[in-house]
Each structure stands twice: as structure tokens, then as C-alpha cells.
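Structure first, commentary second.
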Amino acid sequence: MYPTRILRAPHDQKPNITGFDIRKFAQSAGQPKYDPWEVHESWRYTGMFSRWNRFRGAFPGLGIATVAFVAYLGYEQYFLKDEHHGEGHGEEHH
612 MYPTRILRAP
622 HDQKPNITGF
632 DIRKFAQSAG
642 QPKYDPWEVH
652 ESWRYTGMFS
662 RWNRFRGAFP
672 GLGIATVAFV
682 AYLGYEQYFL
692 KDEHHGEGHG
702 EEHH
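Residue numbers (my numbering): 612 to 705.
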């Protein structure tokens with residue numbers, strides 16, 4: 612919006628020429644007592660579309676991969692130890 616339009620804009624709301632005030636209408640309407648679309652929207656939050664199932668399906672295989680990685684780290688720690696680690700490394704060693 613251009614600055615000149617902001618300066619020229621009316622500071623108070625002009626009444627609508629039809630006499631309809633949307634703010635008064637919204638206040639009088641309030642929240643509907645019955646939502647006809649409630650039944651049709653409920654499937655989005657239940658069953659396989661619940662929050663937990665959507666989170667669980669976001670990372671398929673993460674649990675199996677984590678267990679396999681931990682198992683490999685344990686195998687590497689206990690069975691693949693370097694027996695001469697810490698000795699001086701000279702030219703004759705390589």
C-alpha cells in the first residue's frame with residue numbers, strides 16, 4: 612500500500628450504504644450449535660490419521676535402524692578391538 616493512500620484512508624469506518632454491519636452480524640451469530648460438517652471432518656483425527664499414527668509413519672524404519680546401529684556399536688566395541696592400540700607407531704610398524 613502506498614503511503615499516500617494510508618494518509619488519505621478514513622480513520623473511522625464509514626457506515627455501509629446498505630445498512631448491513633458485518634460485526635454486529637458476527638456477534639449475534641456466535642458459534643453454531645450444530646456443525647453439519649463435523650461428521651465429515653472427524654475422520655481426519657481418528658484411526659490411522661490420528662496424531663500418533665501420523666508421527667509414527669513419518670519415519671518408517673527408524674526404530675529398526677536404531678536397534679541395528681546400537682547392536683553394531685556393541686559388536687565393534689567388544690569384538691573389533693585393536694590389540695596394539697597405544698603403542699608407539701614407528702616406521703617399522705607400518
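Backbone N, C-alpha and C define an ideal beta-carbon position, used for all residues, glycine too.
- For Gln642, the secondary structure class from DSSP, reduced to helix, strand or coil, is coil.
- Straight across, the Cα-Cα distance linking Lys692 with Tyr683 is about 13 Å.
- CA-CA distance, Trp654 to Lys635, rounds to 34 Å.
- Membership of Glu694 in any alpha helix (DSSP H) is not indicated, and neither H nor E is assigned to it by DSSP.
- Distance from the CA of Ala669 to the CA of Tyr645, rounded to the nearest whole angstrom, comes to 34 Å.
- In the DSSP annotation of this structure, Phe670 is not part of any alpha helix (DSSP H), being labelled neither H nor E.
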